[in-house]
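Written below as structure tokens is the structure these notes are about.
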Amino acid sequence: MQYASILKMLGLITGVLAIFLLIPTVYAFVLGTSDFNGFLYSFIIAAVTGALLAMIPKSKHSLKYRDSYALVSFGWLSAGLFGCLPYFISNAIPSFTDAYFESISGFTTTGASIVSNIEGLHPATLLWRSLTQWLGGMGIIVFALAIIPYLNIGGMGIFQAEVPGPTAEKLTPRIQDTAKVLWMVYLIFTIALILLLWAGGMTFFDAVCHSFTTMSTGGFSTKNNSVAGFNSPYIEWVLVIFMVIAGINFALHYRFLFKGLKFKTYTQDSELGFYFLIIIFCVVSVSTTIFIQQGGDFFKTIRDVCFTVASILTTTGFGTADYELWPIYGQFILMFIMLMGGCAGSTAGGIKSVRLMLVLKYMYTEILKLLHPNLIRTVKMRHAVVDRYVLANILGFIFIYTGVMAVSILLVSFEVKDMVTAIGSVIASLSNIGPGFGTVGPTENYAHLGNFTKWILSLDMVMGRLEILTILILFLPGTWRK
Amino acid sequence: MKILIAGAGEVGFHLIEKLCKDDHEIFVVDTQRDVLDKLKEDYDIQIDHGSIIDSKFLHMSYLKEIDLFMAITNSDETNMIACKTASEAGAKKTICRIRQINLNSEKKQFSLKSLGIDWVINPVSLVADELFKLVLTPNIVDSHEFAAGEVSMTAYRITSYAKILNCSIGQLEEEQFNGRFQIGIIQRKDLSIIPGKAEMIRQDDIVYFFYRPRDYQLLRKILGYDHLQSKSRQIFINGGGHMGLRVALRLEKANQNVKVIEKDLARSYHISEKLQKALVLNFDGTDLKQLIAEGIETADYFISVTDNEQVNLTACLIAHQQGVEHTVCLVKQPELIQIIDQNTPISLGVSPRMLTARHLVRFIQDSGTFNYFTLLNSHIEILETRVTETTACLGQPLCVMDLPENVRIAIIVREGRFLIPDGEAELLPNDIILMILHRLDRQKAMGVFKQPASEEAIS
């Protein structure tokens, strides 16, 4: 382990965070609200820590894989720490556990909140909540890679550790350019969404906050009732579209936007086809069961189902309808798509549709082999062969994912009273959704849970965002050996 | 015509044999002296020993007079370089044989012209084309285009569901053809007939239709092909080499059920990566038990294209014994084809060398004032020529022209129109005519149409 290099880079990342802390600090100063001090102190602490760590002399050695994983893991944990300072110092969230939970829920784009009266928070604090999600969506490390050339020494290591999906895709020969390009695409969509929401009757402040949390599939809102608080079909449909966009691989968006605006880019992608198939299936089957079992207004129901399915599948977690009142079938569908999540390379969480699709293809191949004992067949995606090593990796990932889920449910159940809540809160945290089931459903929040549970869920969120293995490596003794 | 053939392998031999019967000056270059010596004994040609890409050939005085340069050595790279140097040295047209390098991809990475190549001939894709046509259009025996694409010729084997079965040609012309189709030749068993109006069409005849390309669908209808179109067939391909893979890829794209049998495990993995839907099975294609386990009896076609012709023969015989109706066997030696077709129950033998040689001959036939086209296994030829203002027989009705008895003028293309002439028709300048004739009559027929001016020039 190369502690010096890792600490130096952590310092650089913290410095980046400090720059972002400056935004709400200035905003609070302009508005003259009481959380200004909190932001100012947080900024100073982050800036000083960052500067001190960054002064550690350059190491001659480049980062090994394990160093990259450690760097990314610690980067995220420390981001949570510095991100929670404003809440804690300004007394907006008095308990440190709660503040850390809120901060990490932001960075991991989970959107689970312990704040009961969101509208009671100061605007600058609300902005910071949304900003943490926006940063976490495309990735703090990827952002740092884009702007700090010095970080660009670890090869694919750091990039691979943070970008979700079975294989990280380089869009340009140099990682730094890839990181820039990804953030550029992210920025373009965010600005487009801000304009659309602003045009739809939101205040500019709300439009910015919601765009940040939509494109990152985070799900923090500035309203107590989430998006339902705006009561506007236009806003809901715009959000549905942009949530679905955010759940798509950003490499595709990049090719579409920068390589000639050809829709073929999208229509030829098999993962995207699978993703849309799931969306259509969920919307049709859930709304049909609602009509059969509960009835109700046609357009309102369709809109609510579309919104909820998009919100849950992309792991955003905005709410317009209380899905806990839906038929059990609908709730189960939602639970399944919570686990599935969006596409690889998107800002969404979960297992990712590409993994599910490849596992299904692999299973089909295995069944076919029973029919034809001598069959030789490879699993393919986008007309290219999927390496058997990658398939094994995916199967392992799904196993570990469920394993971590099971262990977390066990740990959480020390404090949580009912089964639904225990399972619901863990899935919602691990898949970075936000609202779960039981007492952490779409109309409730996480405030009433015990401190131990909150720490476990915080860890789950980071694991979910970094796809588990990055964090799990830290628990291996071999990582720490010389 | 002056033709240089680089590479005197099997294809080269076959080609030389065919070309020597016509009036060509042939130069052959090869690296093997014994092969050249044998050639010199048998044929009246000029030979040179050495590698075609050796610098001494670049300075060869005759290179700039060559009308057609054929690079058909065993090495793709040699052929490509040879074409490049030959075209720079002044050869008028070049043909390059390429087996491994894929030049026919959808996006052309580079233009062949820049490599000095006019035509590419690829034995693998020729065989793949042949097998593909065999499965998808099972009764098309041959096809060609004449008069720069104005006239198509297609040869069909007449089946029991053809609507023209047991009709006489005169009757058909009156009732069904409306001047759109002309039946030029009928092949019945080993006999080739230039049919009169009274000739009846019988089952298993091979009938040569001449028509405009846009009437193709109508022709299919008349032949009763419609019901064949949507059917998906069960095809077994034994051998996953270049040929097997190419055929499998094309058939798979045409929604046929393809199973590829390949003995080698590593190769099996390789082809399974290229194929999307087709099943790749890893066992020996002559293993009866495995074939039965995979349902060989349900197969419509069994195509054996391994590198080893003994294996192909055995596999096809096994498949035939298991009740597969159509079995196709790939052989290297062209001589084996006749044996397979006539003395074994295997439906068809295919030889890449034979196909290559046949196609190369057609390139030569296409490039003069008189283009002629030889039918398969027959002495009948189709001769195409353009009438000019100096042609001797201008303005005479066809029936008084001094043509040999069995020569028929089948089609006249006049200003893009397609005419089926009768005895009263007269020729005008710029007409393109297609004649059907016996190859022995060719010189005589050419004499009738030869232009007086050019005749003088030659003498």
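Chains A and B are the protein sequences, given in the same order.
In terms of the numbering used here, the first sequence has 339 at position 335, counting the first letter as 1, and numbering is strictly consecutive.
In terms of the numbering used here, the second sequence has 1595 at position 426, counting the first letter as 1, and numbering is strictly consecutive.
Just so you know, even glycine gets a beta-carbon here, dropped at the ideal spot from N, CA and C.
Between the CA atoms of residue j and residue i - distance to the nearest angstrom
| i | j | result |
| --- | --- | --- |
| B/LYS1262 | B/SER1256 | 7 angstroms |
| A/ALA232 | A/PRO439 | 14 angstroms |
| B/ASP1373 | B/LYS1332 | 14 angstroms |
| A/PRO168 | A/VAL146 | 12 angstroms |
| B/GLY1408 | B/ARG1436 | 10 angstroms |
| A/ARG133 | A/TYR104 | 12 angstroms |
| B/ILE1235 | B/ILE1195 | 10 angstroms |
| B/ARG1555 | B/SER1361 | 26 angstroms |
| B/PRO1631 | B/VAL1320 | Residue 1631 of chain B falls outside the range modelled here, since chain B spans only 1170 to 1628, and no answer is possible. |
| A/ILE23 | A/HIS452 | 33 angstroms |
| A/ARG307 | A/TRP241 | 8 angstroms |
| A/VAL309 | A/PHE278 | 19 angstroms |
| A/PRO446 | A/VAL20 | 33 angstroms |
| B/ASP1245 | B/LEU1295 | 16 angstroms |
| B/ARG1326 | A/TYR368 | 42 angstroms |
| A/PHE267 | A/LYS356 | 23 angstroms |
| A/GLY354 | A/TYR69 | 24 angstroms |
| B/ILE1506 | B/LEU1237 | 29 angstroms |
| B/GLY1629 | B/VAL1497 | The shown model of chain B, from 1170 to 1628, leaves out residue 1629 of chain B, and the question about it has no answer. |
| B/GLY1181 | B/ILE1174 | 7 angstroms |
| B/VAL1289 | B/TYR1541 | 21 angstroms |
| A/LEU364 | B/LEU1434 | 25 angstroms |
| A/GLU471 | B/ASP1476 | 49 angstroms |
Burial state of residue i (16 or more Cβ within 10 Å)
| i | result |
| --- | --- |
| A/LYS490 | Beyond the ends of chain A as shown, which are 5 and 486, falls residue 490 of chain A; an answer cannot be given. |
| B/HIS1183 | buried |
| A/GLY407 | exposed |
| B/ASN1451 | buried |
| A/GLU370 | exposed |
| A/SER38 | exposed |
| B/ALA1423 | exposed |
| B/MET1369 | exposed |
| B/PHE1618 | buried |
| A/ASN436 | buried |
Same chain only: Cβ atoms within 7 angstroms of residue i, ignoring 5 sequence neighbours per side
| i | result |
| --- | --- |
| A/MET247 | THR218, THR221, ALA314, SER315, THR318 and THR320 |
| B/GLY1420 | Per the sequence presented here, residue 1420 of chain B reads as Leu, with Gly not at that position. So the qualifying residues of the chain are PHE1301, VAL1304, ILE1404 and VAL1427. |
| A/SER82 | LEU14 and THR18 |
| B/GLY1259 | LEU1232 and LYS1233 |
| B/ALA1417 | ILE1406, VAL1427, VAL1429, LEU1444 and ALA1447 |
| A/LEU44 | THR29 |
| A/SER236 | GLY204 and GLY205 |
Close Cβ partners of residue i (< 8 angstroms) along its chain, the five nearest in sequence each way excluded
| i | result |
| --- | --- |
| A/LEU276 | ILE252, ASN253, LEU256, TYR270 and CYS347 |
| A/GLN137 | GLY110, PHE111, THR113, GLY115, PHE216, THR217, SER220, GLY222, GLY223 and PHE224 |
| A/HIS65 | GLN6 and SER9 |
| A/THR176 | THR182 and VAL185 |
| B/LEU1188 | ILE1172, ILE1195, VAL1530 and ILE1533 |
| B/MET1523 | HIS1183, PRO1503 and ILE1506 |
Contacts around residue i, its chain only, beta-carbon distance under 6 angstroms, and the 5 residues preceding and following it disregarded
| i | result |
| --- | --- |
| B/THR1200 | SER1220 |
| B/PRO1573 | ASP1610 and LYS1613 |
| A/SER107 | GLY84, GLY87 and CYS88 |
| B/ARG1202 | HIS1218 |
| B/ALA1316 | VAL1582 and ILE1601 |
| A/TYR450 | ALA116, ILE118 and VAL444 |
| B/GLY1454 | ASN1407, ILE1430 and ALA1484 |
Query - Minimum length 4: unbroken alpha helix (DSSP H) runs contained in the region 21-72 of chain A - result: 40-58
**Report entry** Entirely enclosed alpha helix (DSSP H) segments - the region 288-358 of chain A, minimum 4 residues
**Finding:** 302-317 and 332-344
Query raised in the report: Got a sec: which bits of the region 1411-1442 of chain B sit with their beta carbon under 7 angstroms from any beta carbon on chain A, in order along the chain?
Result: SER1437, TYR1438, SER1441 and GLU1442
**Report entry** Interfacial residues, the region 360-387 of chain A to chain B, with Cβ spacing under 8 angstroms
**Finding:** Listed in sequence order: LEU372, HIS376, PRO377, ASN378, LEU379, ILE380, ARG381, THR382, LYS384 and HIS387.
Requested in this report: Starting from the N-terminal side, write out each stretch of the alpha helix (DSSP H) that is 4 residues or longer and does not extend beyond the region 1171-1222 of chain B.
Outcome: 1179-1189 and 1202-1211
Query - Interface residues of the region 1449-1473 of chain B facing chain A [CB-CB below 7 angstroms] - result: Residues of the region 1449-1473 of chain B with a Cβ closer than 7 angstroms to any Cβ of chain A, in chain order: VAL1449, LEU1450, ASN1451, PHE1452, GLN1459 and GLU1463.
Query raised in the report: Given a limit of 8 angstroms on CB to CB distance, which residues of the region 457-475 of chain A reach chain B?
Result: none
Query raised in the report: Mind pulling the alpha helix (DSSP H) runs of 4 or more residues that sit fully within the region 1233-1317 of chain B?
Result: 1245-1258 and 1292-1305
Query - beta strand (DSSP E) segments (min. 3 residues) lying fully within the region 117-175 of chain A - result: none
Requested in this report: Check distances from the C-beta atoms of the region 174-188 of chain A to those of chain B and list, in chain order, the residues that come in under 8 angstroms.
Outcome: Of all residues in the region 174-188 of chain A, none comes within less than 8 angstroms of chain B when Cβ atoms are compared.
Report task. Return the chain-ordered ranges of every beta strand (DSSP E) run that is complete within the region 1354-1421 of chain B and spans a minimum of 3 residues. Result -> 1360-1362, 1375-1380 and 1403-1407
Query raised in the report: Got a sec: which bits of the region 388-412 of chain A sit with their beta carbon under 9 angstroms from any beta carbon on chain B, in order along the chain?
Result: ALA388 and VAL389
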